[in-house]
Amino acid sequence: STRAPSGAGARAYRSATGADPWTLVFSTDTTGSHADAGATAFAHFGGKLFLGTTNVLDGASLWRTDTASAISAWTRVSTAGFGGGAHNADVRDLKVFGGELYAATGGTATFHGQVWRSSTGVDWHQILAASTTFSGNSRAVAALESFGGYLYAATLNAAGAQLWRAQVPTGTWTQLFTPDGDAATRFSAAESLAVPALHAFAGSGASTGTFLYAGTWDPSRAAGARVYRSSDGVTWAPSNAAVNAVDLAV
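Be aware that the sequence shown starts at 18, since it is given in the numbering used here, and climbs by one per residue.
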């Protein structure tokens, strides 16, 4: 996927090997949504590949395809910004949980992120607003992941990154911890304003077991990007021994 200046169009490429050559399979220059600035999220659901975009002018959109073999193979399956226009400027993540597809969005300084879900990939329903379910400073739901029977949601928050989880996403969400600056056991150091990456991974060899990994965003460069991992989603420890303060995000 690629992110470009607004108006340049979003693009997605595919490769059979993960290396060159890469073939262009999605372009908003062709689909007509020229204000899309990036292809920002992917998910496989119901036998189709879904793609989410960033569009700060008109609002984010969702597309899907059966084959992803050609630019013409994609169909739009959402309204602009899920009906909110530019207030929902981008699709930050897409995740399958409990047989349904979830979409996390990023908003503006006054219209914060949301989580939407669909059982069909076409009909979408909002299940929460980050500013009310999570915290008033949560500008975006930056990442989603399914792990250990819970759906996890990480936020972009000016007061420090937050992590929440729920077994029933339409029910009660529990905040796992609050920003406390304890970088030895948390990824909520004051400089870490977001967790833009969550990923469950089953290790091997010396790292057997399944862990949930979290990558942080530090726009100040004071501490640099970090990677943390947890075996239960509650207790976290640094996964990367070295930190390069020049790196803004994982």
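In this text, a Cβ means the ideal position worked out from N, Cα and C, and glycines have one as well.
If you count every other CB in all the chains shown that lies within 10 Å of the CB of residue i, and 16 or more means buried, which is it?
i, result
"Gln131", "buried"
"His61", "exposed"
"Leu145", "buried"
"Ser86", "exposed"
"Pro38", "exposed"
"Thr172", "buried"
"Phe151", "buried"
"Ala254", "exposed"
"Val267", "Any reading at Val267 is ruled out, since the residue's pLDDT is 49, under 50, leaving its predicted position unreliable."
"Asp53", "buried"
"Arg243", "buried"
"Gly250", "buried"
"Thr149", "exposed"
"Thr40", "exposed"
"Asp197", "Any reading at Asp197 must be qualified, since the residue scores a pLDDT of 49, below 50, and its modelled position is unreliable; no value is offered."
Would you check if the distance between the CB atom of residue i and the CB atom of residue j is smaller than 9 Å?
i, j, result
"Ala211", "Trp234", "yes"
"Leu111", "Ala56", "no"
"Pro186", "Arg246", "no"
"Ala90", "Thr82", "yes"
"Gly124", "Ala147", "yes"
"Asp107", "Ala170", "no"
"Gly138", "Lys65", "yes"
"Ala214", "Thr227", "no"
"Leu118", "Gly63", "yes"
"Val73", "Ala33", "no"
"Leu168", "Gln184", "yes"
Measuring straight from C-alpha to C-alpha, what distance separates residue i and residue j?
i, j, result
"Thr84", "Ala176", "42 Å"
"Arg93", "Gly115", "24 Å"
"Ser44", "Ala29", "7 Å"
"Glu162", "Gly232", "12 Å"
"Trp141", "Ala178", "27 Å"
"Thr189", "Leu229", "21 Å"
"Val42", "Arg109", "20 Å"
"Ala36", "Ala27", "20 Å"
"Thr70", "Leu79", "7 Å"
"Gly98", "Thr252", "35 Å"
"Phe128", "Ala120", "16 Å"
"Gln143", "Arg31", "31 Å"
"Pro22", "Gly100", "The predicted model places Pro22 with a pLDDT of 48, which falls under 50 and marks its position as unreliable, so this point remains unresolved."
"Ser256", "Ser155", "25 Å"
"Asn105", "Thr122", "6 Å"
"Ile88", "Ala77", "19 Å"
"His51", "Ala217", "34 Å"
"Ser248", "Val113", "20 Å"
"Asn174", "Asp46", "33 Å"
DSSP puts residue i in a beta bridge; with which residues?
i, result
"Pro255", "Tyr245"
"Ala29", "Phe43"
"Ser148", "Bridge partners of Ser148: none, in fact."
"His61", "Leu66"
"Asn174", "Ser155"
"Ser135", "Leu118"
"Gly101", "BP columns for Gly101 are empty, so no partner."
"Arg182", "Tyr169, Thr191"
"Trp141", "In the DSSP output, where bridge partners are listed per residue, Trp141 has none listed."
"Ser163", "Leu168"
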